[in-house]
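Trainee:
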Amino acid sequence: MTMKEKTKLSENSVGVTQTKHFTFEGLTLENGEKLVPVTIAYETYGDLNEEKSNAVLIVHALSGDAHVAGIHEGQNDFGWWHSMVGPGKAFDTNQYFIICSNVLGGCKGSTGPSSINPRTERPYGLDFPLISIGDMVDCQRRLIDHLGVKKLLTVTGGSMGGMQVLSWLIRYPDRIRSAIPIATAIKHSPQQIAFNEVGRQAIMADPQWRGGDYYGRSAPTKGLALARMIGHITYMSDISMAERFGRQKKNHDTHPFKFTADFEVEGYLRYQGDNFVKRFDANSYLYITKAMDNFDVSQKRPLHDVLKGIDTKILVIAFKYDWLYPAYQSKEIARACKLSGIEATYCEIDSIYGHDAFLLELKEEAHLVSHFLKKVFFEYEVTGSYDT
Amino acid sequence: MTHENIRIDHRVILEVVAPRSTVLDLGCGTGELLYILIKENNVRGQGIEIDDGAIYKCVAKGLNVFHGDIDSGLTEFNDKSFDYVILNQSLQQIKHVNAVLKDALRVGKNVIVGFPNFAYYKSRLQIFFSGRTPVTGAMPYQWHETPNLHFLSISDFISYCRLKKINIKKSIYLNEKGNISLLPNLFAQTGIYLISG
Numbered sequence: 002m003t004m005k006e007k008t009k010l011s012e013n014s015v016g017v018t019q020t021k022h023f024t025f026e027g028l029t030l031e032n033g034e035k036l037v038p039v040t041i042a043y044e045t046y047g048d049l050n051e052e053k054s055n056a057v058l059i060v061h062a063l064s065g066d067a068h069v070a071g072i073h074e075g076q077n078d079f080g081w082w083h084s085m086v087g088p089g090k091a092f093d094t095n096q097y098f099i100i101c102s103n104v105l106g107g108c109k110g111s112t113g114p115s116s117i118n119p120r121t122e123r124p125y126g127l128d129f130p131l132i133s134i135g136d137m138v139d140c141q142r143r144l145i146d147h148l149g150v151k152k153l154l155t156v157t158g159g160s161m162g163g164m165q166v167l168s169w170l171i172r173y174p175d176r177i178r179s180a181i182p183i184a185t186a187i188k189h190s191p192q193q194i195a196f197n198e199v200g201r202q203a204i205m206a207d208p209q210w211r212g213g214d215y216y217g218r219s220a221p222t223k224g225l226a227l228a229r230m231i232g233h234i235t236y237m238s239d240i241s242m243a244e245r246f247g248r249q250k251k252n253h254d255t256h257p258f259k260f261t262a263d264f265e266v267e268g269y270l271r272y273q274g275d276n277f278v279k280r281f282d283a284n285s286y287l288y289i290t291k292a293m294d295n296f297d298v299s300q301k302r303p304l305h306d307v308l309k310g311i312d313t314k315i316l317v318i319a320f321k322y323d324w325l326y327p328a329y330q331s332k333e334i335a336r337a338c339k340l341s342g343i344e345a346t347y348c349e350i351d352s353i354y355g356h357d358a359f360l361l362e363l364k365e366e367a368h369l370v371s372h373f374l375k376k377v378f379f380e381y382e383v384t385g386s387y388d389t
Numbered sequence: 006m007t008h009e010n011i012r013i014d015h016r017v018i019l020e021v022v023a024p025r026s027t028v029l030d031l032g033c034g035t036g037e038l039l040y041i042l043i044k045e046n047n048v049r050g051q052g053i054e055i056d057d058g059a060i061y062k063c064v065a066k067g068l069n070v071f072h073g074d075i076d077s078g079l080t081e082f083n084d085k086s087f088d089y090v091i092l093n094q095s096l097q098q099i100k101h102v103n104a105v106l107k108d109a110l111r112v113g114k115n116v117i118v119g120f121p122n123f124a125y126y127k128s129r130l131q132i133f134f135s136g137r138t139p140v141t142g143a144m145p146y147q148w149h150e151t152p153n154l155h156f157l158s159i160s161d162f163i164s165y166c167r168l169k170k171i172n173i174k175k176s177i178y179l180n181e182k183g184n185i186s187l188l189p190n191l192f193a194q195t196g197i198y199l200i201s202g
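Residue numbers (our numbering), protein chains in the order written: chain R, 2 to 389; chain A, 6 to 202.
Written out as structure tokens, the structure reads:
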């Protein structure tokens, strides 16, 4: 299929998009270290209106990037939230100005461990400082300053994106009119840290990792693929896996080796692992997962205390079969809203998918987001119907 | 919106709730009452609802709603954080009536309770003459499909309030056509109360 055909196939696409770059002089990180300079990769769709009141910042999860919708020249894959972003979609590009940037520490154009360290003129590797979710948000704030946006209509994201949303609420409540944290947590549970740690250990146990100094040589692809396979198991639910793979066997011919990928699910995980290493940097995986584990939104002050008196509207979304970020963690955010007395909506969507649900084409998620956004944007009630 | 188009119990509550006050609607359903209160009385409203289909309709109306059950949803609010906590047609469906009412009186400066009167004369007639569980306009369910867990009368509620030292500030009684005042335990289909702790 040609790219043109593919773009045409997808209704309401933002079309061919390009990643842009914004470089600023540097950043003092939460841990006190300085990072000089910093580049942030970003994409924008739609137009900023005259009042500059229609800007939406979308923040991505662990393995995401700035390419949230549309298609890149010469590529075949749509952006990671293509079903939610575009003309007439929940994040309607006819109405809103959409911004999405790659996180600090990432490997898709923003400064990260694979970037060149200006002091050594070699990739940072493990010389890259430990970054936090708050540092990612600080970079995004610089970006919206650069784009001339004083107040965002909303900031939204799922999983680690949701952590950044919460961090925005704490750090810059006066810069956002609303927030939509999805399938996220105010801090990681020991179980979530444990899964991340196994992923990190898989990377560091790969002899090709070489203490993070593998650039220009073979990358630790085995370790990173394994980390991704573990991740994928945690993103799906028992039910969605059973529905998708069952106990289907892949090959019916004779097996050359006793431990080939016999079952569909094994083949799927291997494919996901092998595919991931082509597009992701192992050191970024280490730094970003560590930032997630260290995140605790209520470290300094309880969340409900911070929310008290602010006029930001909040929509919290969780998914019933998400066992990686279970609904009780989203309820903690809703609880903080109740205690602080701010206006909020919390909804647990009944979907058979696990944590991945937020990325899939779910009409419930699109419904909640589009109506919530309209309400915030127009600042008066919208009438609408929902046909089940 | 003309008031004639508003459901009669909603119209009564609209008159009870002071303009520009804060309201928590427990079991807000698809948000009809909250929507009217916001539109007509300019209140700041928040709902709690268990059914996700109903929540999608609330959000389409631009309402704020928490997905959850009333039995556990109240404990997280601070004392007196709302001017009114409303339990309209939901009291009879909650498991732990004592705990929820106590908490509602803690969270709200006032509580509005509306419920169908089980001792309504038509129900009495049905039981007496046909010997079957009554099915009326206010309680339109067969015994095997009713969401109601508790069946109470006007007299039951009044004596309950006396027992629990709950202050009844206002009581309004309705039949199919409108307000009534004569022998409410017999002739009222619905009772609506403004109470405080």
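We treat Cβ as the ideally placed atom computed from N, Cα and C, and that holds for glycine.
Closer than 7 Å by beta-carbon distance: list the chain R residues that pair up with A:I60, in chain order.
Mentor: Position 55 of the second sequence, counted from the start, is the residue given in the question as residue 60 of chain A. Near A:I60 (Cβ distances below 7 Å), the residues of chain R are C348.
Trainee: Using a C-beta to C-beta distance shorter than 9 Å, which residues of chain A count as neighbours of R:F373?
Mentor: Here residue 373 of chain R corresponds to residue number 372 of the first sequence, with the count starting at 1. Those within 9 Å of R:F373 in chain A are V64, G67.
Trainee: Leaving out five residues on either side along the sequence, give the residues of the same chain with a beta carbon under 7 Å from the beta carbon of R:F281.
Mentor: Your numbering for residue 281 of chain R matches position 280 in the first sequence. Same-chain partners within the cutoff: S64, C108, L225.
Trainee: Closest by CA to A:G34, which one among A:E54, A:G50, A:T27?
Mentor: Numbered from 1 along the second sequence, position 29 holds the residue referred to as residue 34 of chain A. For A:G34, the nearest C-alpha among the options comes from A:E54.
Trainee: Considering only DSSP beta bridges, list what R:I473 is partnered with.
Mentor: This structure cannot speak to residue 473 of chain R, because chain R is shown only from 2 to 389.
Trainee: Give a yes or no on whether 9 Å exceeds the smallest Cβ distance from R:S336 to chain A.
Mentor: Within the first sequence, residue 336 of chain R is the residue found at index 335, counting from 1. It should be pointed out that residue 336 of chain R corresponds to Arg in this sequence rather than to Ser. Interface annotation, R:R336: in contact with chain A, CB-CB separation under 9 Å.
Trainee: Find the nearest neighbour of A:L168 within the set A:L39, A:K182, A:N103, judged by alpha-carbon distance.
Mentor: Within the second sequence, numbered from 1, the residue matching residue 168 of chain A stands at position 163. Looking at the Cα atoms, A:N103 is the closest of the given residues.
Trainee: Verify whether the separation of the beta carbon atoms of A:L199 and A:K174 is less than 9 Å.
Mentor: Start at 1 with the first residue of the second sequence, and residue 199 of chain A comes out as number 194. Start at 1 with the first residue of the second sequence, and residue 174 of chain A comes out as number 169. Against a cut-off of 9 Å, the Cβ pair of A:K174 and A:L199 comes out as a contact.
Trainee: In angstroms, rounded to a whole number, what distance separates the CA positions of R:P38 and R:E31?
Mentor: Mapped onto the first sequence, residue 38 of chain R falls at position 37. Mapped onto the first sequence, residue 31 of chain R falls at position 30. Whole-angstrom Cα-Cα distance: 16 Å.
Trainee: Any Cβ of chain R within less than 9 Å of the Cβ of A:E45?
Mentor: As a first step, residue 45 of chain A is located in the second sequence; it is residue number 40 there, counting from the start. False, the Cβ-Cβ gap to chain R never drops below 9 Å.
Trainee: Which residues in the same chain have their Cβ closer than 7 Å to the Cβ of R:W1, if we skip the five residues on either side of it in sequence?
Mentor: Residue 1 of chain R lies beyond the stretch modelled for chain R, which goes from 2 to 389, so this question has no answer here.
Trainee: Any beta-carbon of chain R closer than 9 Å to the one on A:R12?
Mentor: Mapped onto the second sequence, residue 12 of chain A falls at position 7. So, not an interface residue.
Trainee: When you compare only the Cα positions, how much space is there between A:N83 and A:L106?
Mentor: Indexing the second sequence from 1 puts residue 83 of chain A at position 78. Indexing the second sequence from 1 puts residue 106 of chain A at position 101. The straight-line gap from Cα to Cα measures roughly 15 Å.
Trainee: How would you call R:D357, buried or exposed, if buried means at least 16 neighbouring beta carbons within 10 angstroms?
Mentor: Numbered from its first residue, the first sequence carries residue 357 of chain R at position 356. So R:D357 ends up on the buried side.
Trainee: Under 9 Å, do A:V17 and A:D88 count as touching if we go by C-beta distance?
Mentor: Here residue 17 of chain A corresponds to residue number 12 of the second sequence, with the count starting at 1. Here residue 88 of chain A corresponds to residue number 83 of the second sequence, with the count starting at 1. Their beta carbons are not under 9 Å apart, which means A:V17 does not touch A:D88 by this criterion.
Trainee: How is the alpha helix (DSSP H) around A:G58 delimited, first residue to last?
Mentor: As a first step, residue 58 of chain A is located in the second sequence; it is residue number 53 there, counting from the start. Residues 57-65.
Trainee: Can you list, in chain order, the residues of its chain whose CB lies under 8 Å from that of R:E244, leaving out five sequence neighbours each side?
Mentor: Counting from one through the first sequence, the residue named residue 244 of chain R turns up at place 243. Only I353 meet the Cβ criterion.
Trainee: So with Cβ pairs under 9 Å, would you call R:A345 a contact of chain A?
Mentor: What you label residue 345 of chain R is simply residue 344 of the first sequence in a count that begins at 1. True, the Cβ-Cβ gap to chain A drops below 9 Å.
Trainee: For R:D128, which residues does DSSP report across the bridge?
Mentor: Here residue 128 of chain R corresponds to residue number 127 of the first sequence, with the count starting at 1. In the DSSP output, where bridge partners are listed per residue, R:D128 has none listed.
Trainee: Are any of the Cβ atoms in chain R nearer than 9 Å to that of A:D57?
Mentor: The residue you call residue 57 of chain A lines up with position 52 of the second sequence. Answer yes: the Cβ-Cβ gap between A:D57 and chain R drops below 9 Å somewhere.
Trainee: Consider the C-beta atom of A:Q147 and the heavy atoms of the ligand COA; say whether any pair is separated by less than 8 Å.
Mentor: As presented, the structure is devoid of all ligands, the ligand COA included, so that no description of it is given.
Trainee: Just to make sure I have the definition right: I need the residues of chain D whose C-beta is within less than 8 Å of the C-beta of R:L340. Which are they?
Mentor: Absence of chain D from the displayed structure is noted, the protein chains being R and A.
Trainee: Could one say the Cβ of R:D351 lies closer than 9 Å to chain A's Cβ atoms, at least one of them?
Mentor: Here residue 351 of chain R refers to the residue found at position 350 when the first sequence is read from its first residue. Closer than 9 Å to some Cβ of chain A, the Cβ of R:D351 qualifies, so yes.
Trainee: Chain R beta carbons: is any one of them nearer than 9 Å to that of A:Q51?
Mentor: To locate residue 51 of chain A, count along the second sequence from 1; it is residue 46. A:Q51 counts as touching chain R.
Trainee: For R:F378, count neighbouring Cβ atoms within 10 angstroms of its own Cβ and tell me buried if that reaches 16, exposed if not.
Mentor: Here the question's residue 378 of chain R lines up with position 377 in the first sequence. The residue is buried, with at least 16 neighbouring Cβ atoms inside 10 Å.
Trainee: Identify every residue that forms a DSSP beta bridge with R:K35.
Mentor: Taking the first sequence and counting its residues from 1, one reaches residue 35 of chain R at position 34. R:T29.
Trainee: Below 8 Å on C-beta distance, what does R:L369 contact in chain A?
Mentor: Position 368 of the first sequence, counting from 1, holds the residue named residue 369 of chain R. Neighbours of R:L369 on chain A, chain order: Y61, V64.
Trainee: Determine the chain A residues that contact R:K376 at a beta-carbon separation under 7 Å, and present them in chain order.
Mentor: Here the question's residue 376 of chain R lines up with position 375 in the first sequence. Result: G67.
Trainee: Is it true that the CB of R:S111 sits closer than 9 Å to the CB of R:T40?
Mentor: Position 39 of the first sequence, counted from the start, is the residue given in the question as residue 40 of chain R. Position 110 of the first sequence, counted from the start, is the residue given in the question as residue 111 of chain R. Yes, the pair counts as a contact, with Cβ atoms nearer than the cut-off.
Trainee: Thinking R:G126 and R:D214 are a contact (beta carbons under 8 Å), I'd like their distance in whole angstroms, please.
Mentor: What you label residue 126 of chain R is simply residue 125 of the first sequence in a count that begins at 1. What you label residue 214 of chain R is simply residue 213 of the first sequence in a count that begins at 1. Confirmed, about 5 Å.
Trainee: Counting only runs that start and end within the stretch 104-134 of chain A, where is the beta strand (DSSP E) found for 3 or more residues in a row?
Mentor: 113-121
Trainee: Using a Cβ-Cβ cut-off of 8 Å (strictly less than) and excluding sequence neighbours within five positions of R:Q209, which residues of its own chain qualify?
Mentor: Walking along the first sequence from the start, residue 209 of chain R turns up at place 208. Same-chain partners within the cutoff: Y215, R218, S219, A220, P221, T222, K223, G224.
Trainee: Mind checking whether R:T346 and A:V64 have CB atoms under 9 Å apart?
Mentor: The residue labelled residue 346 of chain R in the question sits at position 345 within the first sequence. The residue labelled residue 64 of chain A in the question sits at position 59 within the second sequence. Contact flag set, yes.
Trainee: According to DSSP, is R:C140 part of a helix, a strand, or is it coil?
Mentor: In the first sequence, the residue the question calls residue 140 of chain R occupies position 139. Reduced to three states, the DSSP call for R:C140 is helix.
Trainee: If I'm right that A:I91 touches A:V28 with Cβ under 8 Å, what's the distance once you round it to whole angstroms?
Mentor: What you label residue 91 of chain A is simply residue 86 of the second sequence in a count that begins at 1. What you label residue 28 of chain A is simply residue 23 of the second sequence in a count that begins at 1. Confirmed, about 6 Å.
Trainee: Mind listing the chain A neighbours of R:E365? Cutoff is C-beta to C-beta under 7 Å, in chain order.
Mentor: As a working note, residue 365 of chain R is residue 364 in the first sequence. The contacting residues are Y61.
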